[in-house]
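Student: All letters in the sequence shown, in the order written, are residues 5 to 234 by the numbering used here. Ideal Cβ placement from N, Cα and C applies to all residues, glycine included. None of the values given here were measured: they were computed from a predicted structure.
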Amino acid sequence: MRRNQQGFTLIELMVAMLIGLILTLAALQLFMTNQRTFSLQQAVAELHEDGQQAIRYMVADLRQAGRGSAIAGAIPPIDLVNSSNGANDTLAIHYWGTSTCAGDTYPTENEIHNVYSVNNQVLQCRSVLTNTTVDLLSGVESFQVLYGIDSDKDGELGVTQFVTANNLAADSVVVAIRFALLLSSDRFRQSQSASTTHWVLEQKVDSSDSDLRRVFNSTVQLRNYDWEGV
């Protein structure tokens with residue numbers, strides 16, 4: 005007696021292989037998308053961490069601007085000789101302290117001049133006292149600074165206008181500093197290049213590549229100023 009043998013036909017096997025291939029490709033596509041999303045989130049997180057760390061460091065230093073010695077009292081917070089504005093601004097602050105942005109420390113207070121500037125997309129700080137420069141942050145495409153001055157002289161503290169360094173005068177009463185950084189990162193390449201525009205305070209920056217970019221800014225109310233000039 006003959007028994008009927010059952011199995012898969014060639015067509016059924018081919019259909020099963022095709023379905024398996026489609027499922028494999030779909031799973032691979034999902035994996036690649038998840039990997040790219042993770043890489044994007046990691047690059048954005050690192051960019052934000054770098055930017056926020058630089059902001060916090062500068063804010064802590066800027067708050068000391070104008071701090072005088074026990075004898076001198078408040079001094080001009082801005083070093084006009086070393087401050088300027090341009091494609092990238094230069095911010096020079098002035099105070100009495102025991103350490104510089106370059107890491108120099110002193111047992112007693114010294115007259116500190118810290119100069120923030122950008123060189124080859126690297127934010128740097130130079131100590132005029134020792135002429136020592138340290139790198140703070142890379143990927144800086146723009147660094148802009150505005151100075152809040154009080155020109156009413158009505159005895160009430162308040163910013164009447166924000167001006168650039170070139171518009172500061174020796175008798176300007178600076179009571180606030182506003183600064184911004186445009187950071188870029190090539191740690192994640194977007195799939196297509198796109199034209200983007202970022203405003204860094206009053207400066208317009210256009211770009212047309214696939215790098216990530218973010219603007220970070222802060223306004224620091226100075227603690228030390230010429231109260232008689234307010």
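Determine whether the beta carbon atoms of residue 205 and residue 173 lie at a separation below 8 Å.
Tutor: Against a cut-off of 8 Å, the Cβ pair of residue 173 and residue 205 comes out as no contact.
Student: Looking at the C-beta of residue 20, does it have a partner C-beta in chain C at a distance below 8 Å?
Tutor: This model lacks chain C altogether; it includes just one protein chain.
Student: Assign residue 187 to one of three DSSP states: helix, strand, or coil.
Tutor: Correct three-state label for residue 187: strand.
Student: Given that a residue counts as buried once 16 or more other Cβ atoms are within 10 Å of its Cβ, and exposed if not, what is residue 210?
Tutor: Residue 210 should be labelled exposed.
Student: Per the DSSP calculation, residue 96 is bridged to which residue(s)?
Tutor: According to DSSP, residue 96 bridges with 119.
Student: Which class does residue 179 belong to by DSSP, given the choice of helix, strand or coil?
Tutor: It is a strand residue.
Student: Per DSSP, what kind of secondary structure is residue 34 in: helix, strand or coil?
Tutor: Of the three classes helix, strand and coil, the one that applies to residue 34 here is helix, per DSSP.
Student: Would residue 187 pass as a contact of residue 220 if the rule is Cβ separation under 8 Å?
Tutor: Their beta carbons are under 8 Å apart, which means residue 187 touches residue 220 by this criterion.
Student: Where does residue 145 land, buried or exposed, given buried means 16+ other C-beta within 10 angstroms?
Tutor: Buried is the call here.
Student: Pull up the distance between the alpha-carbon of residue 164 and that of residue 33, whole angstroms please.
Tutor: Looking at the two C-alpha atoms, the distance is approximately 56 Å.
Student: Hey, out of 80, 58, 111 and 27, whose CA is closest to residue 178's CA?
Tutor: Considering only alpha carbons, the answer is 80.
Student: Per the contact definition of three or more C-beta pairs closer than 8 Å, is the stretch 149-160 in contact with the stretch 98-111?
Tutor: No contact exists between the stretch 98-111 and the stretch 149-160.
Student: What is the DSSP secondary structure of residue 65, counted as helix, strand or coil?
Tutor: Three-state DSSP puts residue 65 in a helix.
Student: Near residue 59, which residues of its chain fall below 6 Å by C-beta distance, leaving aside the five closest residues on each side in sequence?
Tutor: If we look at residue 59 and ignore the five residues flanking it on each side, its Cβ neighbours are 220 and 222.
Student: Pull up the distance between the alpha-carbon of residue 49 and that of residue 139, whole angstroms please.
Tutor: Cα to Cα, residue 49 sits roughly 21 Å from residue 139.
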